[in-house]
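Visitor: Provided herewith is a single structure, encoded as structure tokens, for subsequent inquiry.
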Amino acid sequence: MPVKNIEMGSAQQIYHQPHHPYTLGLLASGPRMDQPRGTRLIPIDGQPPDLTRLDGGCAFRPRCRFAVDRCGQEFPPLEDVDSGHVSACWRVKEINELKNAS
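Take the sequence shown: its position 68, counting from 1, is numbered 108 in my numbering, and each next residue is one higher.
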């Protein structure tokens, strides 16, 4: 199965304005220089998928808190979220609204 991009943009956009649930999870699970030493990391729940058994939907679906049925049926296209910034998620607009509300 070919590799599929889930989010693309400048480093600034990806690190400071992520839009895909996997990108959000990765950034929350790693240490940050702007956080106090000893800050608790937030792991991504579940197990990574078996890359030899991907079913055509989003590989992050079993671990995604935003997943809907459609995520298991087909991989979403890359959608513009900002100039030069795209994300492949069926719920990218809703996720963006939730991020802006918090």
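Don't be surprised by glycine CBs; every beta carbon is placed ideally from N, CA and C.
If you draw a straight line from the alpha carbon of Gly-112 to that of Asp-74, how long is it in whole angstroms?
Guide: For the purposes of this step, residue 112 is taken as residue 72 along the sequence shown, with counting starting at 1. For the purposes of this step, residue 74 is taken as residue 34 along the sequence shown, with counting starting at 1. Distance between the alpha carbons of Gly-112 and Asp-74 is about 36 Å.
Visitor: Go through its chain and collect everything with a Cβ distance to Arg-103's Cβ below 7 Å, but skip five positions before and after it.
Guide: For the purposes of this step, residue 103 is taken as residue 63 along the sequence shown, with counting starting at 1. Cβ within range, chain order: Ile-84, Asp-85 and Gly-86.
Visitor: Which whole-angstrom value describes the C-beta separation of Arg-131 and Phe-106, a residue pair presumed to lie in contact below a C-beta threshold of 8 Å?
Guide: What you label residue 131 is simply residue 91 of the sequence shown in a count that begins at 1. What you label residue 106 is simply residue 66 of the sequence shown in a count that begins at 1. The pair is a contact, with the Cβ atoms about 5 Å apart (cut-off 8 Å).
Visitor: Given a cut-off of 8 Å, decide if Asp-122 and Gln-53 are closer than it, judged by their beta-carbon atoms.
Guide: Stepping through the sequence shown from its first residue, residue 53 is reached at position 13. Stepping through the sequence shown from its first residue, residue 122 is reached at position 82. Against a cut-off of 8 Å, the Cβ pair of Asp-122 and Gln-53 comes out as a contact.
Visitor: What first and last residue would you give for the alpha helix (DSSP H) that runs through Ser-69?
Guide: Start at 1 with the first residue of the sequence shown, and residue 69 comes out as number 29. 61-69 is the extent of the alpha helix (DSSP H) around Ser-69.
Visitor: Can you tell me the Cα-Cα spacing of Phe-115 and Glu-47, whole angstroms?
Guide: The residue you call residue 115 lines up with position 75 of the sequence shown. The residue you call residue 47 lines up with position 7 of the sequence shown. For Phe-115 and Glu-47, the distance between alpha carbons rounds to 13 Å.
Visitor: May I ask which residues mark the beginning and end of the alpha helix (DSSP H) holding Asp-120?
Guide: Residue 120 sits at position 80 when you count from the first residue of the sequence shown. Where Asp-120 is concerned, there is no enclosing alpha helix (DSSP H), although the beta strand (DSSP E) it sits in stretches over 119-122.
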